[in-house]
């Protein structure tokens, strides 16, 4: 654990403080950690949504299923083609969902362009 014994005090105006609080909240970091990242030359990313973490969990489970199929195929010399195709189709579906949720821009719902 690092020892941090230098205390730093800064003054911000209201607008700067609101901006800092908003960016810190979106990142999921503490103010201190957020500022340390900036000082180190990194811009903290916004914390991904719960959908992102749920999809990653789904992909891990599918990967585990595929790994089990490979182990069985290696031991027996054969593979359950139907199960393999089902798992691959589910994997591809989840990859598509992740792309839609993470990469595609959201539609502006307030009616302003």
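In the numbering used here, the protein residues as written are 1123 to 1235.
Backbone N, C-alpha and C define an ideal beta-carbon position, used for all residues, glycine too.
Compare the beta carbon distance of residue i and residue j with 7 Å and say whether it is the shorter of the two.
i: residue 1216; j: residue 1177; result: yes
i: residue 1212; j: residue 1184; result: yes
i: residue 1137; j: residue 1146; result: no
i: residue 1218; j: residue 1206; result: no
Less than 8 Å between C-beta atoms, sequence neighbours within five positions excluded: which residues of the same chain meet that for residue i?
i: residue 1167; result: 1149
i: residue 1171; result: 1223
Buried or exposed for residue i, going by 16 or more other Cβ atoms inside 10 Å?
i: residue 1209; result: buried
i: residue 1156; result: buried
Sorted by chain position, which residues of the same chain lie with C-beta nearer than 7 Å to residue i's C-beta, five sequence neighbours on each side aside?
i: residue 1180; result: 1216
With a threshold of 7 Å between beta-carbons, can residue i be considered close to chain B, or not?
i: residue 1132; result: This model lacks chain B altogether, as it is built from one protein chain only.
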